[in-house]
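Using the numbering used here, you'd call the opening residue of the first sequence number 791 and step up by one each time.
We treat Cβ as the ideally placed atom computed from N, Cα and C, and that holds for glycine.
These notes concern the structure reproduced below.
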Amino acid sequence: MVTTRFAPSPTGYLHIGGARTALFSYLYARKHGGRYLLRIEDTDRERSTDAAVKAIFEGMEWLGLAADEKPIFQTQRYDRYREVANQMLAQGHAYRCYCSKQELDEMRAGQTARKEKPRYDGRCRNRSDTPAGAPFTIRFKNPQEGATVVHDLIKGDIEFQNAELDDLIIVRSDGNPTYNFCVVVDDWDMKVTHVIRGDDHVNNTPRQINILKALGAQPPAYGHVPMILGSDGVKLSKRHGAVSVIDYRALGFLPAAVLNYLVRLGWSHGDQELFTPEEMVSLFDISRVQKAPARFDMEKLIWVNHEMVKVAPPETVTGEFRWHLERLGVSVATGPKLEDVVLAQRERCKTFVEMAEKSRFFYEEVTSYNEKDAAKHLTAEGKAVLAGLAVELQKLADWSAPALHTVVNGYAEARGLSLGKVAQPIRVAVAGMAISPPIDQTLALLGRERTLARLAAAAK
RNA sequence: GCUCCUAUCGUCUAGAGGCCUAGGACGGAGCCCUCUCAAGGCUUAAACCCGGGUUCGAAUCCCGGUAGGAGCGCCA
């Protein structure tokens, strides 16, 4: 069965680039009826934190990319790693290295000075003496001849000369296993068939394949996805703004939009820009993923989000809308139904941050007016309109959009005023600004009581 | 320095030797519509990194250059 995994290390937030490799892994597994697993690579005890683990879970859950099975933590598998390491030692695939850190540093310094690639020269490979009590690391005995080729799902065949690869440490002198070794043992034990991961691991791949071969295991297929760059073409970092997946929630995006944007970044299916979750699964084709890194474009994400917001069934997005309103300290206890406001606002709001800001007047009192808008529309003339209209509205029995439409339009027509001359002052009066849905809808949603009170307050 | 990877509008991309006068999308510009903001409609500017081959024919294949990126830890 096809098995993929996402294997982040919990040393920070869930990076947007990581989210994309997770998405590709997820899609690949789904498409082939397989499983998608999550593994926490927390062997770096210094930098790994529980908060980061939590952030990863939160991010994955928000995106809807939850793993099919319970996540695996590398720190809980040390016994297994040691067992495999000892087996390799016994079989002659690994050896003890007694080189000190200082000795290694000197070796590297010499190589760098000679403009050579810094690498371990294998001096302990055939060492016969075993200094009693001396600290040692365990190194993998990498083949010294021939070549290892990676049949990459995205990049095609990549050939490495084994002579280029040195004997890497698989167990540290403190007895703890290293990254490249844990990955190999885990992928093997988890029966991972397709390793889809970041581009930065390409150079680790031949080593991992060689270890797997020494273990007598069948290496999985690999697919290395290019990284995501900032808009300036430099590696995406905090300097570019949001890099953590969960930040995109705070920015007002829908998980579906982030997913859609991410899947189209470095991948395409003809001219199609928008995909349903089902289409993503059925249409995704890893071999069509771009080989070059792509730049992150916030403008396009915003567009994708707006497209999603415009067509999503309102009830499916009220959760995000409420979350943002409450984040602004707005109580939604009294006021129109969230669904109705979403329906009225979604055409003009690209994100939920925007929607919340432009809709808070439906739920809380207007305590101040936008200065420019007030100066322009709450003039003596404007106030007269508000006062006059208030009288008409008082008499209105049916507080519905069509009825309000008739009254407002009728008022303007009767006085030979353009609709703008009437609607704009009302807007400022009830919304505090000159931006709102069509005026009849706005008033209908706001309700009779609030409308009349605000009209009166502004007419003064 | 060494190894590996990459290269189409500003950005994401289509393009698998003739369908390319290089298509779509975001963003930009202009016009229309309009009670605001939007949305929508129409129009428009904008790219094959450079140089050699191969071929009747190259954005597409090959080689070289250039530029960018990744890796070279008892980090992951």
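Check: Three-state class that DSSP yields for Y1159 in the structure shown; Outcome: coil
Check: Separation of E1144 from V1225, as counted between CA atoms; Outcome: It is Ile, not Val, that sits at residue 1225 in the sequence shown. Computed Cα separation, rounded: 12 Å.
Check: Nearest residue (CA-CA) to E1182, options M1223, P1215, Y1153, L1242; Outcome: L1242
Check: Expected contact under 8 Å - CB spacing of R1244 and A1219 to nearest Å; Outcome: 5 Å
Check: Residue burial classification, P908 (beta-carbon count within 10 angstroms, cutoff 16); Outcome: exposed
Check: Check whether G830 and R886 have beta carbons under 9 Å apart; Outcome: Going by the sequence as given, residue 830 is Ile instead of Gly. No; because the gap between Cβ atoms is not below 9 Å, this pair is not in contact.
Check: Spatial neighbours of L855 in its chain, beta-carbon cut-off 6 Å, leaving aside the 5 residues before and after; Outcome: A812, Y816
Check: Limits of the unbroken beta strand (DSSP E) element including L937; Outcome: Checking the sequence, you will find Ala at residue 937 rather than Leu. That run of the beta strand (DSSP E) goes 937-942.
Check: Same chain, Cβ closer than 7 Å to T865, five either side skipped, listed in chain order; Outcome: D832, T833
Check: CB-CB length for T793 against V982, believed under 8 Å; Outcome: 5 Å
Check: Residue(s) in a DSSP beta bridge with I1018; Outcome: A1084
Check: V939 versus G1119 - alpha carbon distance; Outcome: 57 Å
Check: Of the listed residues G1222, A880, L1179, L1133, nearest to T1108 (C-alpha basis); Outcome: L1133
Check: For E836 and H1030, the rounded distance between their alpha carbons; Outcome: 27 Å
Check: Contact belief for F1074 with K821 at Cβ below 8 Å, rounded distance in angstroms; Outcome: 6 Å
Check: DSSP beta-bridge partners of K1025; Outcome: L1019
Check: Bounding residues of the beta strand (DSSP E) (the contiguous stretch that carries H883); Outcome: That residue, H883, is in no beta strand (DSSP E); it is neither H nor E in DSSP.
Check: Three-way DSSP call (helix, strand, coil) for Q998 in this model; Outcome: helix
Check: Nearest neighbour of I960, chosen from A953, V974, D947, N952 [CA to CA]; Outcome: V974
Check: Cβ shell of V1048 (< 6 Å), same chain only, five flanking positions each side left out; Outcome: Y1038
Check: Nearest-angstrom Cα separation, counted from G900 out to T1141; Outcome: 56 Å
Check: Exposed unless 16 or more other CB atoms sit within 10 angstroms - verdict on S1034; Outcome: buried
Check: Pair within 9 Å by beta-carbon distance, N994 and N966; Outcome: no
Check: Given 8 Å, three or more beta-carbon pairs between the region 905-919 and the region 935-951; Outcome: no
Check: 9 Å Cβ cutoff met for A1213 and V1198; Outcome: yes
Check: Cβ contact check for the region 1124-1138 and the region 1147-1163: 3 or more pairs under 8 Å; Outcome: yes
Check: Collapsed DSSP secondary structure at A1011 in the structure displayed; Outcome: strand
Check: P1083 vs L1019 beta-carbon contact at 9 Å; Outcome: yes
Check: Proximity test, L1236 beta-carbon vs the ligand MG heavy atom, cut-off 8 Å; Outcome: As presented, the structure is devoid of all ligands, the ligand MG included, so that no description of it is given.
Check: Same chain, Cβ closer than 6 Å to A1249, neighbours up to 5 away in sequence not counted; Outcome: K1173, L1176, A1177
Check: Spatially closest choice to C889 from E848, F847, D957, M850, by CA coordinates; Outcome: D957
Check: Where F1074 falls: helix, strand or coil (DSSP); Outcome: coil
Check: Cutoff 7 Å; reference A1180; Cβ partners in own chain excluding five residues on either side; Outcome: L1242, L1245, A1246, A1249
Check: Beta-carbon proximity check, K945 vs K1081, cutoff 9 Å; Outcome: yes
Check: Member of E1137, F926, M878, P921 whose CA lies at the smallest distance from the CA of K891; Outcome: F926
Check: For R1205, the nearest candidate out of P1192, E1171, D1188, Q1231 (CA to CA); Outcome: E1171
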